[in-house]
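To keep things clear, I will list the structure first and then write my remarks on it.
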Amino acid sequence: MAETAMNTRGRRVLFKQGTVLKTFVLALLIALIVLPLLRTVLFTLEPDNLRAWSDVLVGRLSENLFYKPLANTLLIGVVVATACVLIGGFLAWLVVMTNVPYRKLIGVMATLPFMIPSFAAALAWGTLFRNDRVGGQVGFLQGSGLDVPDWLAWGMVPTLIVLTLHYFSLAFTIIAAALATVNSDLVEAAQIAGAKGRRILMGIILPVTTPALVAAGSLCFAGAVSNFATPALLGLPVRMQTLSTRLFGMIEVGQVSRGYVIGIMLVLISGAFLWAGNRIVSGRRSYATITGKGGRAKRFDLRGARWPLFAVAMTILMASTIVPVAVLAASSFAPSSSDLFANWTTHFWIGESRPDFAQGTAGIIHNEDILRALWVTLGLGLAVALTGMIVGLLASYTAARYREGWMSAAITQISFLPLLVPGIAFGAAYIAYLGAPIGPLPALYGTFALLVIAGTAYLLPFSVQTGRAVIQQVGGELEESARITGAGFIRRLAAITVPLAVRGLAAGGILIFVKIVRDLSLVVLLFTPTMPVLSVVAYRYASEGFTQFANAITVVILAISIAATLIAQRLQTKSQPWLQN
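So the mapping is simple: this note's numbering equals the position in the sequence shown, first residue as 1, plus 589.
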């Protein structure tokens, strides 16, 4: 009898509500995220590949293989992060805490640069500033008679500028949200005590928003050091290497083990800086700004500086949004980048192959390679959005409904692990993971399935975050009532949770679609001629000197991304009505 009771208790523990689901989700996340990264490390530790560590870190080629690219990478990360915090913080302060004219316009435009792929801004920069140091067409400015110095056309400076104009939008979003919570009582008390605006800014606002500043800087740093497109387009022509471009080059020439070692080091560097940022914030606990005594928002009166500061803000925003898009659009019609606004032609869009023009390359409408890449890209976006929604829903549902136990904690931690891994390193990990046969499973390199699986795993943090937000809005008592009546998990999920949260889930799916459609870092190593993707095709055209075709393809990507983003925002606003205010 005692044995029977023990067996009953054992079954209760084993089949406790949610245990089977948590086990399945944890196993799925391990297969998608942990095993690829682990496989990469184990590959470099094999006897035939172990020498790659010494080659990269201490060998006679280590300076060129690792240390010079490392120095460039760290310089890019630190400068871009600092500049993004300064620019994003300045714009957030203007929008949230001052009476600058057209605050809403500034706020909307400040969120747009992150919607534009970084390689689009790099292509626009090259179209304007390219000089004759590297063979091929010169840019618009040199074509107009201006002497563009090498340091402005190629290398570190343009890379820093382009990445800053791309990532400051991320810093703006984070810092603006933090500034909006600053208690106006603090500001009013300082003003009553006679403190001036600069003293209030430095003594009150900056200290209490430290977590947001550190978070913004950490994320911008991680994004900048992992970016592949910008240093590849603006730095590689003059042999400026970063860890991401060096990783790509090693795998391209077949030195896979060295490439994996560089990828592992890139992951460690990104993770170390994000960890350091969290440690800085967690060292203090006095950041509370929301209390039970909140008052009306207190804005600084800029007085005579209102319009000059507005002009500064709009100059930054125009340079990061309107100008790149306008340059790309004009270049897709101009036969030469040196003369953007004359002799326009529609050949790059609808022209047929002509031996006397563009080396016989047909326009987008008649170019089978580009059309194939378009359909593959759209199919990839839809497939990753669907699979991401499904996996993200399962992971977020498990984390929201069954929070107790180590498995729930592991699911949460693993689902956000891809945020620490640069896209190009994640792509390299999947080559090591699924690029060769595993038992009865065939090699997936060069297949659509590999792109979908890698994209789903890499973008899982975004689908999980979106899923958690909408799942927590659905009351658990609804599912509990259905469970009591005998409805199984799939039935409850399909009949209750998904219908009630469908708008929010769809918005998250569309955002995943946008991210994979415009991504280059993840897919650049997974690309094959039989499975082309628009972003990589644009990069290939730009690398081969077909700037107009690259820019036209990028305009298509921009149009798809912006349209999908607007749909996602509309769906999110309907599912969360408070966003309307």
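Even glycine gets a Cβ: it sits at the ideal position worked out from N, Cα and C. In this text, all values refer to a predicted model and were calculated from it rather than measured experimentally.
Does DSSP put Arg868 in a helix, in a strand, or in coil?
-> helix
Just the Cα atoms here: how many angstroms apart are Tyr656 and Leu836?
-> 13 Å
Hey, out of Gly734, Ala902 and Ala962, whose CA is closest to Val1112's CA?
-> Ala962
Residues in its own chain within less than 6 Å of Leu855 by CB, not counting five upstream and five downstream?
-> Leu832, Pro1011 and Ala1014
Helix, strand or coil at Gly881 according to DSSP, with G and I counted as helix | Unreliable placement is indicated for Gly881, whose pLDDT of 44 sits below 50; no coordinate value is reported for it.
State the DSSP-derived secondary structure class of Ile705, mapped to helix, strand or coil.
-> coil
Out of Thr612, Ile705, Gln844 and Leu663, which has the shortest C-alpha to C-alpha gap to Ile1146?
-> Ile705
Under 7 Å Cβ to Cβ from Ala811, same chain only, skipping five residues before and after it: list those, please.
-> Ser859, Phe862 and Leu863
Less than 9 Å separating the beta-carbons of Gly806 and Ala1131?
-> no
Per DSSP, the bridge partner or partners of Arg943 | Phe946
Could you tell me the boundaries of the alpha helix (DSSP H) in which Arg1129 lies?
-> Leu1123 to Ser1132
Report all residues from its chain with a CB closer than 6 Å to the CB of Asn1140; omit the five preceding and five following residues, and keep chain order.
-> Leu712, Leu917, Ser920 and Ser921
9 Å Cβ cutoff met for Ala818 and Ser1150 = no
Is Met978 helix, strand or coil by DSSP?
-> helix
Express the C-alpha separation of Ala1152 and Arg1159 in angstroms, rounding to a whole number.
-> 11 Å
Between which two residues does the alpha helix (DSSP H) carrying Ile619 extend?
-> It is not in any alpha helix (DSSP H) - Ile619 carries neither H nor E in the DSSP assignment.
Anyone know if the C-beta pair for Lys611 and Gly1016 falls short of 9 Å?
-> no
Stretch pair the region 1043–1061 + the region 999–1009: three plus CB contacts closer than 8 Å | yes
With 16 other Cβ atoms within 10 Å as the buried cut-off, status of Ser875 | In this prediction, Ser875 scores a pLDDT of 42, lower than 50, which makes its location untrustworthy; no coordinate-derived value is stated.
Less than 9 Å separating the beta-carbons of Gly744 and Gly824?
-> yes
What distance in whole Å lies between the Cβ atoms of Ala999 and Leu615, which are believed to be in contact at a cut-off of 8 Å?
-> 6 Å
Continuous alpha helix (DSSP H) stretch holding Asp739: start and end = Asp739 to Ala742
Could you spell out where the alpha helix (DSSP H) holding Ala919 opens and where it closes?
-> Val912 to Ser920
Residues of its chain near Lys629, where Cβ-Cβ distance is below 6 Å and the 5 sequence neighbours each way are ignored | Checking the sequence shown, residue 629 turns out to be Thr, not Lys. The residues are Tyr849, Ala1018 and Ala1021.
Grouping DSSP H, G and I as helix and E and B as strand, with all else coil, what is Met907?
-> helix
By how many angstroms is the C-alpha of Phe613 removed from the C-alpha of Ser997?
-> 12 Å
Can you tell me which of the three DSSP states Phe899 falls into?
-> helix
Determine the closest residue to Leu1094 out of Val1041, Leu1114, Ser1124 and Thr1055, with distance taken between C-alpha atoms.
-> Thr1055
Leaving aside the five residues before and after Thr1154 along the sequence, list all residues of the same chain whose C-beta is less than 6 Å from its C-beta, in chain order.
-> Met704 and Val1103
8 Å contact criterion, which Ala765 and Ala681 should meet: CB distance rounded | 4 Å
Among Trp896, Leu759 and Thr1143, the one whose alpha carbon lies nearest that of Val689 = Trp896
Have a look at Asp739 and Ser985 and give me their C-alpha separation to the nearest angstrom.
-> 50 Å
Count the other CB atoms, across all protein chains shown, that sit within 10 Å of the CB of Leu768; report buried if there are 16 or more and exposed otherwise.
-> buried
How far does the alpha helix (DSSP H) with Thr671 in it reach, from first residue to last?
-> Lys657 to Met686
Ala637 classed as buried or exposed, judged by whether at least 16 other C-beta atoms fall within 10 angstroms = Position check: residue 637 holds Asp in this sequence, whereas Ala was assumed. It counts as exposed.
Which residue's Cα is closest to the Cα of Leu752: Thr770, Leu808, Arg719 and Pro800?
-> Leu808
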